[in-house]
Each structure stands twice: as C-alpha cells, then as structure tokens.
Amino acid sequence: MSTEQAAGYASQYYHFQQQAIQRFGSEIYIKPHLVAPWIYEIARQRALLDRVAALLGDEILLWSSDIFNKPAGSDKRVGFHQDSPYWGLSPEDGLVSVWIALTSSQPESGCMQVIRQTHNIGLLPHRKTYAPDNMLSVGQEVEYDCDSALVTDVALQPGEYSIHHFNLIHGGQPNSSTQDRIGLVFRFIRPGMVQSQGPDSATLMRGNNSGGYQLETPPATELGEPEMAQLRRVFAESPSGFGGQMLA
Ligand SMILES: O=C(O)CCC(=O)C(=O)O
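Per my numbering, the sequence shown runs over residues -16 to 231.
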C-alpha cells in the first residue's frame, strides 16, 4: 500500500484501540480482523493474496492476525523465537506470516530481525522466560547459538510488507525512535493444516475450505455486538484465539 494509505490505517488503528479501551476495557491485538472491517479488507487485497497463493496454493484461510505495537522509546522487545512450536499446526510449510508496516520499521525503531536460513532447520527448543519486556506470550526465547552475521534487519517503509516462514527464527530490539512502530501481521494457512490442540476456526479468504476449520464470519461493523460475540467465542474456544489477549 502507499505511504499515505499506511498513515491512514495507522490513524484508524489508534482510533480503534481507543474505542476498544473505552468500551471493553482493553486493546484488541489478537484476531482484530474479526472486529475491524478495515483490517479484514487489508488482508483481502488481491495483490497480497496472490503472493500468498504463490506460496500456499489457491485455498487460503486467515488463521489469525496480530498487532505488534512497539511504543516509541519503550523497552518492549521480541525475543528470538520460531512460531511453529507454539501453535499446534502442521506441516511446517502450510503457514506464512505477512508482516505489514503501518509505520516506519527500521533498526532504530525495533524492526523485525530474522536469522537467515533458519526456516530449514526444523523445530528448536525454547525456554519460557516470562520477561516483562518480552512482548511474547510466555517471553519465549529460542535455544539456538546463532552466527550473528546471519541476523538480518527487515527494514520496511510504511505500507511495505515482508513474508516469513513458520519456522524462521525472528525477534527484534526495543524502539528507541520517537514514533510508535506498528506491525499488522496476518497468519495465512492452507485448509489442510492439522491442528493438534482441538477444534479450530479461521476465515476463508480464497478457494474452498477443504479442511476441518470452522469458518468465521467477516466483520460488518467495527466492534459491533455480533463481531465482539464471535471474537469472545474464538478467544474462549479456538486455538487461533491464543486463549485471549496473548501475543504469538
Ligand atoms: O513485530 C515484531 O517485531 C515481531 C513479530 C513476530 O514475532 C511475528 O510476526 O511472529
């Protein structure tokens, strides 16, 4: 998307979270595409889904979405981790994450960093640190002795996006800039992905739902009653809701 579109979405993001706090007492940063039509529309863009289809094929579900806002000047960071060990999904080549920069995401603002080539090394052990500055659900950190030359900044201008593999080790440093760093992330899967944690739900984006996922209803109104009821149900019942407001 253009820089101007990204700036417009960043403003919508602040308004959305302000409303969520006022009406429901907290921000919503897991599966916000179920309660914000504009987020659902970003995920539906044809050019984006064409890219995802090139990787996953023509049947695409939106399994989850996250918003990672690293506030300006905060100590919040993301420990290096793989996504695959925590989400109950297999096989490992059936999910891709699309990370979209709504604001500038540069080394000084704590852009995502990846360890190149680690998508090929299988699942690695992680430790749960519960560190308060680590934005992940249990403060997870991968146990991997990495060659620092392979750590790569994924620097993005507002409106640009990157795509990462389910096993790729990624993380990032605090935001020492004067602007919030807002990343909107979509987790797309093939319907054939197996979920080991129980019945799951997802939103159909393209093709047929040939797997066993319960289909979610796209939102009609921002933070509307049926939209919020569905989100609460997904948080309570679906592995893709991460048990509520936990990140990654
Ligand atoms: O926003 C970030 O820097 C990290 C994002 C992340 O961990 C993910 O998309 O899985």
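Glycine is no exception: its CB is placed at the ideal position from the N, C-alpha and C atoms.
Bear in mind that the values here come from a model prediction, so they are computed numbers and not experimental data.
Residues in the same chain with beta-carbon distance under 8 Å from Leu230, minus the five sequence neighbours each way, listed in chain order, please.
In this prediction, Leu230 has a pLDDT of 48, which is less than 50 and means its spatial position is unreliable; what the coordinates show is noted afterwards. The answer, listed in chain order, is Tyr12, Ile13, Asp49, Phe51, Met118, Leu119, Ser120.
Along the beta strand (DSSP E) that carries His(-2), what are the first and last residues, could you check?
Unbroken run through His(-2) is the alpha helix (DSSP H), -14 to 7; no beta strand (DSSP E).
Going straight from the alpha carbon of Gly122 to that of Tyr113, what length do you get?
Approximately 4 Å, taken between the alpha carbons.
I'd like to confirm something about Phe51: is its beta-carbon nearer than 6 Å to some heavy atom of ligand 1, or not?
Yes, the beta carbon of Phe51 sits closer than 6 Å to at least one heavy atom of ligand 1.
List in chain order: all unbroken alpha helix (DSSP H) runs of 4+ residues lying wholly within the segment 46 to 87.
Runs of the alpha helix (DSSP H) inside the segment 46 to 87: none found.
Please work out which residues of its chain come closer than 7 Å, Cβ to Cβ, to Gln(-5), disregarding the five sequence neighbours upstream and downstream, and give them in chain order.
Trp21.
Is it buried or exposed for Gln178, if we count other Cβ within 10 angstroms and need 16 for buried?
When all chains shown are included, Gln178 counts as buried.
For the segment 174 to 188 and the segment 94 to 101, state whether three or more C-beta atom pairs, one from each stretch, are separated by less than 8 Å.
These segments do not touch.
Is Val81 near ligand 1, in the sense that its beta carbon is under 6 Å from a heavy atom of that ligand?
It does not: the Cβ of Val81 is nowhere closer than 6 Å to a heavy atom of ligand 1.
Under the three-state reduction of DSSP, which class applies to Phe171: helix, strand or coil?
DSSP places Phe171 in strand when its eight states are reduced to three.
Give me the residue from Phe169, Gly181, Leu72 with the minimum Cα distance to Leu17.
The option with the nearest alpha carbon to Leu17 is Phe169.
For the beta strand (DSSP E) that contains Glu124, what are its first and last residues?
Run containing Glu124: 123 to 125, per the beta strand (DSSP E) assignment.
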